[in-house]
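Trainee:
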Amino acid sequence: MAQPLSLSQHQFGIVVERNLAAKMRDGITLYADVHRPDAPGKFPVILMRVPYDKTAATPLNYVHYFVPRGYVVVVQDTRGRYTSEGEYYPLMHEAEDGYDTVEWAAALPWADGLVGTAGQSYHGATQYLLPHTRPPHLRC
């Protein structure tokens, strides 16, 4: 007989830092909301880079699941979308911007230096284009 799924329990509240600036290698600034546990310490980071608005429902589903369980969730508007600077050319800058953002996120005061990515659709494409650039702090 199947057993019910047992999820880890919530341990933390959520603190949101809105519109933190991440400078890309070409001088363009991309903006991210950082959702972090309401507790002292450093935590692993889950990065989502989205062209659909960082405050939309899909990224927030990840926030409400992972942050209470001890992760920092960084949700960034991609280049040229919503709060971020630059021109939007689908997928053109995602590899380099992803690298720069992973390294920026790893250095945040709440980050333990380990960064993973999450998402599907365009979010997934931003992940697919990232690993070949080999950001030192990217783990998955």
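Reminder that position 123 of the sequence shown reads as 122 in numbering that gives the first Met the number 0, one-by-one numbering, no gaps. C-beta atoms are modelled at their ideal positions from N, C-alpha and C, and glycine is treated no differently.
1) Identify whether Phe65 lies in helix, strand or coil by the three-state DSSP scheme.
2) His136 and Gly115: beta carbons closer than 7 Å?
3) Between the alpha carbons of Leu128 and Asp99, how many angstroms are there, rounded?
4) Helix, strand or coil: how does DSSP classify Pro43 here?
5) If distances are taken between C-alpha atoms only, which option among Arg35, Ala20 and Met47 comes closest to Arg68?
6) Taking the alpha carbon of Arg48 as the reference point, which residue from Ile27, Phe42, His63 and Val72 has its own alpha carbon closest?
7) Using a threshold of 7 Å, state whether the C-beta atoms of Tyr121 and Ser83 are closer than that.
8) Sorted by chain position, which residues of the same chain lie with C-beta nearer than 6 Å to Val101's C-beta, five sequence neighbours on each side aside?
Mentor: In short, the structure shows the following:
1) Helix, per DSSP.
2) Contact: no.
3) In this structure, the straight-line span from the alpha carbon of Leu128 to that of Asp99 is close to 13 Å.
4) Secondary structure at Pro43: strand, using DSSP grouped into helix, strand and coil.
5) Arg35
6) Val72
7) no
8) Val114, Pro134, His136 and Leu137
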